[in-house]
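Accompanying notes for the structure given below.
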Amino acid sequence: MKKRTLLIGLMVVFMFGLTGNDLFAQSKNLAKVYFIKVKNGESGAFQTALKQHAQWRMENGDPWSWNVYEVVNGKNMGDFIIRSGGHSWADFDSYQDFNAKGSAEFGKNVSPYIAKITSTISANDTTLVNWYPNNNDVNLVQVYMYKLKPGHGADFYKAISEYGKAIKKENRKDYYGVIWTVNGGASELIAELVFPYKNWAEMEGPKEKWRDFTKRVLGEEKAKKVSEEFMNSYSDVHGFIVHRRKDLSVTKKGM
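In terms of my numbering, the sequence shown opens at residue 902 and continues consecutively.
Have a look at this one:
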């Protein structure tokens, strides 16, 4: 595991210049994520089967929690994302026995309704986060996936870091997190910038517009520089919104 982590870390450093972001030294920040495309006309049957499967996992003592999200806006509308976070690499070893049983059950009862499934391992950046005060209140998440230019990962990191400092200094009600794809994604470095909300109305954001806020707090010259660094750090971006489906999710015993 250590060798694999080192190789991934070296790839990030040499290909994208992320020397200031020691993701792989952060503890319990890994997540296993499944992206699911449901067969046409089978969404209802899929959700019924997934709900029954979630109940099976809870009754059989799944040691991991799994949050289910439905894509409600964007080009992949109708897809589902299943995610379990807060893990170390060693947790993947200890989960193998239950994972084998759970996967067999999933394959038998849920897979018949699935057209395509892919998976990744991602890492929450614990240095770039200002999360919602109570995670249980989060019902919607706005996601932007940035394809970073080679050698510009550090620029993306520095820009988000500067914005984060400004948000915390002013106690601005802007909540966000940054997620990096560690394994299973494209060959390019992908960074996800995610914004949690309780409801749709919260997406209107604070009254002070973002541009005015950054100019006031950072100063006009620095705000322009940070904005340019951010805009020049990526070659492509696409966004979507997911709805957290608590009725389909798995909560481990004791939580």
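Just so you know, even glycine gets a beta-carbon here, dropped at the ideal spot from N, CA and C.
Just so we're clear, the structure is a prediction, and the values are computed from it rather than from any experiment.
Residues bridged to residue i (per DSSP)
i	result
Glu1093	Met1046 and Ile1080
Ala932	Ser1023
Ile1142	Asn974 and Gln1043
Ile983	Tyr935 and Val969
Ile1018	Ile937
Asn891	The structure shown does not extend to residue 891, since the chain spans only 902 to 1156, so no value can be given for it.
Val1127	BP columns for Val1127 are empty, so no partner.
Range covered by the beta strand (DSSP E) that runs through residue i
i	result
Lys1146	It is worth fixing the name first, because residue 1146 is Arg in this sequence and not Lys. Counting along the chain, Arg1146 falls outside any beta strand (DSSP E), and DSSP gives it neither H nor E.
Start and end residues, alpha helix (DSSP H) containing residue i
i	result
Arg1112	Trp1111 to Leu1119
Met1157	With the chain covering 902 to 1156 only, the question about residue 1157 has no answer from this structure.
Ser1062	Gly1054 to Glu1071
Gly1003	Gln997 to Asn1010
Which of helix, strand or coil DSSP assigns to residue i
i	result
Ser1136	strand
Asn1037	helix
Asn922	Here Asn922 scores only 42 on pLDDT, less than 50, and its place in the model should not be relied on; the value that follows carries that caveat. Asn922: coil per DSSP, three-state reduction.
Residue i versus the options, residue with shortest Cα-Cα distance
i	options	result
Glu1103	Gly975, Asn1040 and Leu1029	Asn1040
Ile983	Ala1024, Met959, Val1127 and Ile1018	Ile1018
Pro1013	His954, Phe947, Asp963 and Lys1116	Phe947
Asn1036	Tyr1064, Phe981, Arg1117 and Tyr1098	Tyr1098
Gly1106	Asn1084, Asp1148 and Tyr1077	Tyr1077
Tyr970	Asn1072, Glu960 and Phe981	Phe981
Arg958	Thr1021, Asn1000, Asn930 and Ile1142	Asn1000
Asp1026	Lys1009, Val1083 and Asp992	Val1083
Asp992	Glu1006, Gly975 and Pro964	Pro964
Would the segment 1129 to 1137 count as touching the segment 1059 to 1067 if we require 3 or more Cβ pairs under 8 Å?
Yes, the segment 1129 to 1137 touches the segment 1059 to 1067.
Could you tell me whether the segment 1064 to 1076 touches the segment 1141 to 1148, where touching means 3 or more Cβ pairs closer than 8 Å?
Three or more Cβ pairs closer than 8 Å define a contact, and the segment 1064 to 1076 falls short of that threshold against the segment 1141 to 1148.
Touch test, the segment 1004 to 1011 against the segment 948 to 956, Cβ-Cβ under 8 Å, three pairs minimum:
Taking 8 Å as the limit for Cβ pairs, the verdict is that the segment 948 to 956 does touch the segment 1004 to 1011.
Would you check if there are 3 or more beta carbon pairs closer than 8 Å linking the segment 1039 to 1054 to the segment 1089 to 1098?
Flag = yes, the segment 1039 to 1054 and the segment 1089 to 1098 touch.
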